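Visitor:
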Amino acid sequence: MTLSAKERLIVALDVPDLQSAESLIEKLTGHVGMWKVGMQLYTAEGPKIIDFLHERGEKVFLDLKFHDIPNTVKKAGEVAARMGVYMFNVHAAGGMEMMRQTAISTREAAEKMGKPCPLLLAVTVLTSIDERTLNEDVGISGKVETQVVKWAKMAQEAGLDGVVASPREIEVIRQQCGDQFAIVTPGVRPDWAAKNDQKRTMTPEDALRVGATYVVVGRPITQASDPVQAAQMICESMEKGMNTSC
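Just so we're aligned, residue 0 is where the sequence shown starts under this note's numbering, counting upward by one.
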């Protein structure tokens, strides 16, 4: 199935409460394909934000980056399956066994309930991390790209469906993991938007051109004076990239 630009656009609901989220959802419904619920909003509101979106027929990317012992994370995956989210993520740094058990357990839970299994993603290296931060602060030597590819291949071997990675690593992940491996890309910034705290960025057009499956956009849309116009402009940029993809 070929996804449209709108279906590939995930808007990050990085807001403090349900009221703020409702305002954005009301404005942008019909203009985006999915909503990312991350730690800030989920910590404030819990599952009711997921229910709110599902009641409106919206898709949810649960972005909590599960990272714990295998048993804890696989149980969290089962809960995500019961909630019916479209996709969720774990952190690849949790290791092969954590990812493998989560993939198995989540799929078994979805099958028992007769629900579609969520897309399982592994977070690689955060888009706010550059090589100096990776080497000196995190304590992992080598290039960012090398670590991203290592974790992507490990996630694929563990049975996950894809990764969350900077657009800068899309091409090499495609080369190593193939066309069917999902790549969800934050750190996407149109030319007219500020980079904020993102360090490894790319425009929406270029991200689609080099092979992103989905792009996640937050502040360039949610903090725009006209969020609908911003979303439409980003979709137009994405369509150009899809038409000239490698």
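Glycine residues also receive a C-beta, built at the ideal position from the N, C-alpha and C atoms.
In this text the structure is predicted, and so the values were computed from the model without any measurement.
#1: In angstroms, rounded to a whole number, what distance separates the CA positions of residue 44 and residue 87?
#2: Along the chain, where does the beta strand (DSSP E) containing residue 223 start, and where does it finish?
#3: Quick one: residues in its chain with C-beta nearer than 6 angstroms to the C-beta of residue 237, no 5 flanking neighbours on either side, listed in chain order?
#4: Measuring only the C-alpha atoms, how far is residue 155 from residue 108?
#5: If I measure Cβ to Cβ from residue 14 and keep anything under 8 angstroms in the same chain, skipping five residues before and after, which residues do I get?
#6: Give a yes or no on contact between the stretch 79 to 86 and the stretch 98 to 117, applying the rule of three or more CB pairs nearer than 8 angstroms.
#7: Counting only the same chain and skipping the five closest in sequence on each side, list residues whose C-beta sits under 6 angstroms from that of residue 169.
#8: In the DSSP assignment, what residue or residues form a beta bridge with residue 209?
#9: What distance in whole Å lies between the Cβ atoms of residue 171 and residue 148, which are believed to be in contact at a cut-off of 8 angstroms?
#10: Which whole runs of the beta strand (DSSP E) in the stretch 81 to 124 are 3 residues long or more, in chain order?
#11: When the Cα atoms are used, what is the spatial distance from residue 196 to residue 127?
#12: May I have a chain-ordered list of the alpha helix (DSSP H) segments no shorter than 4 residues that lie completely inside the stretch 146 to 202?
#13: Who does residue 35 pair with in a DSSP beta bridge?
#14: Please report the straight-line C-alpha distance between residue 2 and residue 235, rounded to a whole angstrom.
Guide: On the basis of the coordinates in this document:
#1: Taking the straight line joining both Cα atoms gives about 17 angstroms.
#2: Where residue 223 is concerned, there is no enclosing beta strand (DSSP E), given that its DSSP letter is neither H nor E.
#3: Closer than 6 angstroms at Cβ, skipping near neighbours: 4, 203 and 207.
#4: Between the alpha carbons of residue 155 and residue 108 lies a distance of about 20 angstroms.
#5: Same-chain partners within the cutoff: 20, 23, 39, 40 and 221.
#6: Between the stretch 79 to 86 and the stretch 98 to 117, the count of Cβ pairs shorter than 8 angstroms is three or higher; the stretches touch.
#7: So the qualifying residues of the chain are 182, 209, 210 and 211.
#8: In the DSSP output, where bridge partners are listed per residue, residue 209 has none listed.
#9: So it is a contact: roughly 6 angstroms between Cβ atoms.
#10: Taken in chain order, the complete beta strand (DSSP E) segments of 3 residues or longer contained in the stretch 81 to 124 are 86 to 90 and 118 to 122.
#11: Low per-residue confidence applies at residue 196: pLDDT is 49, beneath 50, and the placement is therefore not dependable, though the value from the model is reported in the following sentence. Taking the straight line from one Cα to the other gives about 6 angstroms.
#12: Listed in chain order, the complete alpha helix (DSSP H) runs (minimum 4 residues) inside the stretch 146 to 202 are 169 to 176.
#13: The partner list for residue 35 (beta bridge, DSSP) reads 11 and 60.
#14: Near 14 angstroms, if we compare the C-alpha coordinates of residue 235 and residue 2.
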